[in-house]
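Start counting the sequence shown at 1; every next residue gets the next number (the UniProt record's numbering).
Everything on this sheet refers to the single structure shown next.
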Amino acid sequence: MLTVQWLSLERVHLIPIVALFLNILLSLPATNAKCVFVGHPSQATVKRISDRIAPLDQKKFKVVGMMGKYIYNIGVCTAIMESANQDDIAVLQIKSADKTSTVIGNITNTYILDGDNWVSLEYRNTYNKKKALLMIICDESATDDNPQIQIISQNIKKTDNYYVFTLLHPSVCKKQPSISVGSIIVIVFISIVVAYFVIGFLYMRFVLEAKGLEQIPNYGFWQDFGNLLADGCNLTCRSGSSTQQKTYKGIGDDQLEDEDERDEHLLPM
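Dropping the structure here:
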């Protein structure tokens, strides 16, 4: 009986500790919430757009609405609230007068589109039917230290549910294809060859007054060079033997053959 009673007391003492541990877990902020793209976009589209907005990923912005009546907190594929039960809010509208807030869109209900110099993220709230469109537009002069974000359409009436924001950033600008080192080497080599032959031809033609093939600069060298290439190709690419086996033939044997036949035309008819 003493043993059973001691175990019961031990469990009673553990209850506050377990409750405190669960409370700490529930109060921990949500980490690294991401956009959930709906509307059945392809994996290639999701990856392309995610790469384009990567420098803005997990960033948060605050925008003052028209006439200062509302303040908007916006996250780029991140929740603006870090509490566990509000970790999917992408756009939050706060009324300046009484600080009441309204959820405009959620990161778990995001629609994406992109063009050459823009990307759009549309956050939707399925409960109040509100939508927030964040247009990220190319601007090479914009920086992370000085983001240029503003609201261009703010619906005040209760029947209106659409809000449009613009964010200028260079990350969505169309990247020009870069030239590789190998391409640069090839271009330089071709340019040198063309200049060599053009300048050499003009020099041979008008200074040395050469004619025909002699107008080609260093014509003798290139002629020998072509023969050497042909010999090398013949040696490398052909499998047959380059020399034919010759049979032994004695000296003067061709002179001793059919001597009578060679003198036959001298006999009298």
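Backbone N, C-alpha and C fix where the C-beta goes; we use that ideal spot for every residue, glycine too.
For clarity, every value in this text was computed on a predicted model and none was experimentally measured.
Between the segment 183-197 and the segment 137-151 there are fewer than three C-beta pairs closer than 8 Å, too few to call the two in contact. K175 counts as exposed, since fewer than 16 other beta carbons sit within 10 angstroms of its beta carbon.
Linking R48 to D116 through their CA atoms gives a straight-line distance of about 12 Å.
DSSP lists L121, F165 as the beta-bridge partner residues of L134. The three-state reading of DSSP puts G75 in strand, counting E and B together. About 6 Å separates the Cβ atoms of L134 and L167, confirming a contact at the 8 Å cut-off. Look at N146 here: in three-state DSSP terms it is coil, with no helix or strand label. Around the CB of A230, fewer than 16 other CB atoms lie within 10 Å, so the residue is classed as exposed. Counting along the chain, G105 sits inside no alpha helix (DSSP H); it lies in the beta strand (DSSP E) bounded by residues 101-114. By the 16-neighbour rule on beta-carbons within 10 angstroms, R205 is exposed. Bounds of any alpha helix (DSSP H) do not take in K62; it lies within the beta strand (DSSP E) bounded by 60-64. Residue pairing by DSSP puts L92 in a beta bridge opposite N73, V103.
Less than 8 Å separates the beta-carbon of V91 from that of I74. Judged by DSSP in its simplified three-state form, I216 adopts coil rather than helix or strand.
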